[in-house]
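Residue numbers (our numbering), protein chains in the order written: chain S, 8 to 275; chain F, 8 to 275; chain W, 8 to 275. From the three backbone atoms N, C-alpha and C, an ideal C-beta is built for every residue, glycine too. Data first, discussion second: the structure below is written as structure tokens.
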């Protein structure tokens, strides 16, 4: 990262499964502000399902790019806290990422050129961190220092390999495009792993039929109100992937479907 | 709005039905900070019921006035996103409002003198916005620009008419004041559409009897502990309207009542 | 508090039972920013159970120390709002606390040397505060003024006595250390009132057996992954107290236990 970007950095995003009841997120923010009182702190989510690294990786991968250059993304869904897993800083041209090396940065590795450093420089680590709350005792102080200009390479050893979760990818077969639901959002929108461009190039958005949970949906619509209230439709979602939705209704409930549900796009 | 107010503006409030799980609010905030890194961002609510424009309009109408002059209130509960509904900027003497033209600003129109502008100036719009996430792709960039001093009138065409939801109003009849519950809050407090001043002028706060859900409540109390724990009472709420509450208990659950429940104030 | 600390103060933490749906927290923040636009606002929690002063006192006591010197902690879980209970400002060497005098600061009184002042200086109070929303109408303006340098002693009369909740404490008996669960967090971790140091000095961390809800747990582990997934374990929690947890599972659900559950540490 260009040192000038890092020096200007004053935004830290936070992504955890800590919830908003117990005050854990507040303690992490207090720590960050103790290191750098001028930070702007933005919650990405704290209601990731407990220990669900896959969901956290998805949410981070979907939204990191909308933050200012120099933002430090602090992402801690960390069931292995205090065990053998390492802590890492991931440095790309425009953003920094801090968290456990457990796959939470899988989408980042997939999309960005990045250098990765293990957080193992002894002089930066607390004398007696809690082995159960590295977000507060290790990751927050490191993130705070990075916003003050600490070069990422100084947090510890460069890494050639790190943990990555296999990402869901669609297959193009004789039948069409075979993918899966990778996220269900608050509204019941079912986001798939099928890129818009793939549908456009392989089949076309008006000629396609989407098969999901024993239902068939014809063509891709531009907006929810293209169908009657309560009806299913397929749209090109705001993340660039095919989504299954329902106008004014929860599509996932309607289909009794969840993450992992197969979705097939064929030509009619 | 006085240009000086707008230039100093550095607070943006956010009101949506996006929830706090999926990271959508984080993306909107990242966008805002990309436009103006010095913003102070305040969540008004993101847990409005999905698509419930009436509830969103109420929450905005109740709280907007407590924010600093120059605050931009970004309010997006937007089931018609990407369809025919317009986006608007509403400019009053002290605050700006940005969101869809679907009635979410009904209380603002009712309470404030305001100029309204459609967001249709092509040079301000993105080349390829998602038709499903205008909060991120259209409203946030516009709100950010407004905090940097963009005059509201430059976002597009002035509007004479816009969408307004009929607001619930009490009737004064021979029987007394007949109103309705318009909001039930987290504590089970039932806020009505009956203004304090109307009760005072028509009946008086010690002489009145409130009828709701087959119960009768005598007089208006000053605070919850004026009755025994668990008992119903009527109070003049902090928004200036009559509320039905219970001391240390959820009144709405106790009465099995919800938004829309009739409330009648009579003289005993 | 050193006047220099107070003048630099620009962080206010917020702890309430207001929830995040109705916009009450937003109104409080708007008020704070109207008094001091340069504040950094941090949510500690707004999802404390309605009226649960004990839980609020615990969350505040656990996390206040991680905030920068000069932070004003605004803590309002306040079932007696508008009644006889006083409002107070509590001043310690490093932090200020503002809220109702109902026991919410019990852990603060227990841990810090502090001066306490009733908020009763008439010139600082609004003409017509709502008796139902002191957080917005009294505590937020006072907190805002404190961040601008108002000395705590000027908010009103010094107090010698104030309301304190009896804190849960373990007993050391012939049987061992007898304590209780004082908090169950989002993950189902059960925090006890038994300090780490007491276990270490009385019994030792490898020799001890923890009895809880008819189960026996041997020794203290360093991290969750020291046992198989789904299994119970005891750890020294990040707050310095003994905790009962389960690896990748909700211990409180597993044990059908809640706050108040007895926990006994014996020597095997």
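Tell me, please, which residues DSSP counts as bridged to residue i.
i, result
"residue 124(W)", "96(W), 165(W)"
"residue 241(W)", "227(W), 251(W)"
"residue 202(S)", "248(S)"
"residue 222(W)", "219(W)"
"residue 52(S)", "22(S)"
"residue 106(W)", "95(W)"
"residue 178(S)", "185(S)"
"residue 6(W)", "No information on residue 6(W) is available, as it lies outside the stretch 8 to 275 that chain W covers here."
Could you name the residues of chain W that residue i contacts, counting a contact when the two beta carbons are closer than 8 Å?
i, result
"residue 105(F)", "Under the 8 Å cutoff, chain W gives no residues; its nearest Cβ is about 16 Å from residue 105(F)."
"residue 17(F)", "44"
"residue 88(S)", "230, 231"
Between residue i and chain F, is any beta-carbon pair separated by less than 9 Å?
i, result
"residue 28(W)", "yes"
"residue 250(S)", "yes"
"residue 275(S)", "no"
"residue 140(W)", "yes"
"residue 91(W)", "yes"
Name the two residues that bound the continuous alpha helix (DSSP H) containing residue i.
i, result
"residue 261(F)", "258 to 262"
"residue 155(W)", "No alpha helix (DSSP H) contains residue 155(W), which DSSP labels as neither H nor E."
"residue 118(W)", "113 to 118"
"residue 58(W)", "Note, residue 58(W): premise wrong, no alpha helix (DSSP H); not H, not E."
"residue 41(S)", "31 to 42"
Let me see if you follow: with CB-CB separation under 9 Å, is residue i close to chain W or not?
i, result
"residue 22(F)", "yes"
"residue 110(S)", "no"
"residue 266(F)", "no"
"residue 14(F)", "Note that residue 14(F) has pLDDT 47, beneath the 50 cutoff, so the model's placement of it is unreliable and the number below is only indicative. Cβ-Cβ to chain W under 9 Å: no for residue 14(F)."
"residue 261(F)", "no"
Quick one: give me the first and last residue of the beta strand (DSSP E) that residue i is part of.
i, result
"residue 82(W)", "79 to 83"
"residue 190(F)", "184 to 191"
"residue 271(S)", "269 to 274"
If we cut at 9 Å on Cβ distances, does residue i have a partner in chain S?
i, result
"residue 31(W)", "no"
"residue 79(F)", "no"
"residue 194(W)", "yes"
"residue 54(W)", "yes"
Does at least one heavy atom of the ligand PLP sit under 8 Å from the Cβ of residue i?
i, result
"residue 149(F)", "Of the ligands one can find in the structure shown there are none, so the ligand PLP has no counterpart to examine."
Please list the partners that residue i has in chain F, where partner means a Cβ-to-Cβ separation under 7 Å.
i, result
"residue 204(W)", "Within chain F, no residue comes near residue 204(W); the closest Cβ sits about 37 Å away, beyond 7 Å."
"residue 66(S)", "29, 30"
"residue 226(S)", "The premise fails here: residue 226(S) is roughly 15 Å from chain F at the closest Cβ pair, so nothing lies under 7 Å."
Give the residues of chain S in contact with residue i, contact being defined as C-beta atoms less than 8 Å apart.
i, result
"residue 49(W)", "33, 36, 37, 40, 48"
"residue 143(F)", "73, 245"
"residue 84(F)", "Ordered by position in chain S, no residue passes the 8 Å Cβ test against residue 84(F), which lies about 11 Å from the chain."
Does residue i get closer than 9 Å to chain A when you measure Cβ to Cβ?
i, result
"residue 58(W)", "The structure shown has no chain A; the protein chains it does contain are S, F and W."
What in chain S is Cβ-close to residue i, meaning under 7 Å?
i, result
"residue 114(W)", "Near residue 114(W) there are no residues of chain S at all, since even the closest Cβ is about 12 Å away, more than 7 Å."
Going along chain S, which residues have a C-beta under 9 Å from residue i?
i, result
"residue 137(F)", "243, 244, 245, 246, 247"
If the cut is a Cβ gap below 7 Å, which residues of chain W does residue i touch?
i, result
"residue 69(F)", "30"
List, in chain order, every chain F residue whose beta-carbon is nearer than 9 Å to that of residue i.
i, result
"residue 25(W)", "192, 193, 194"
"residue 101(S)", "Result: empty, since nearest Cβ-Cβ is about 11 Å, beyond 9 Å."
Give the interface partners of residue i over in chain F, defined as CB-CB distance under 8 Å, in chain order.
i, result
"residue 197(S)", "The premise fails here: residue 197(S) is roughly 12 Å from chain F at the closest Cβ pair, so nothing lies under 8 Å."
Notebook entry, point to check: For the 8 Å Cβ check, are there 3 or more pairs between the stretch 180 to 196 of chain W and the stretch 143 to 153 of chain W?
Noted result: no
Margin query: With three or more C-beta pairs closer than 8 Å as the rule, is the stretch 192 to 211 of chain W touching the stretch 239 to 257 of chain W?
Written below: Under the Cβ criterion (8 Å, minimum of three pairs), the stretch 239 to 257 of chain W counts as touching the stretch 192 to 211 of chain W.
Notebook entry, point to check: Below 8 Å, can you find three or more Cβ-Cβ pairs linking the stretch 80 to 87 of chain S to the stretch 52 to 63 of chain S?
Noted result: yes
Check: Is the stretch 43 to 52 of chain W touching the stretch 30 to 44 of chain S in the sense that three or more CB pairs, one from each, lie closer than 8 Å?
Finding: A contact between stretches requires three or more CB pairs, one per stretch, nearer than 8 Å, and the stretch 30 to 44 of chain S meets this requirement with the stretch 43 to 52 of chain W.
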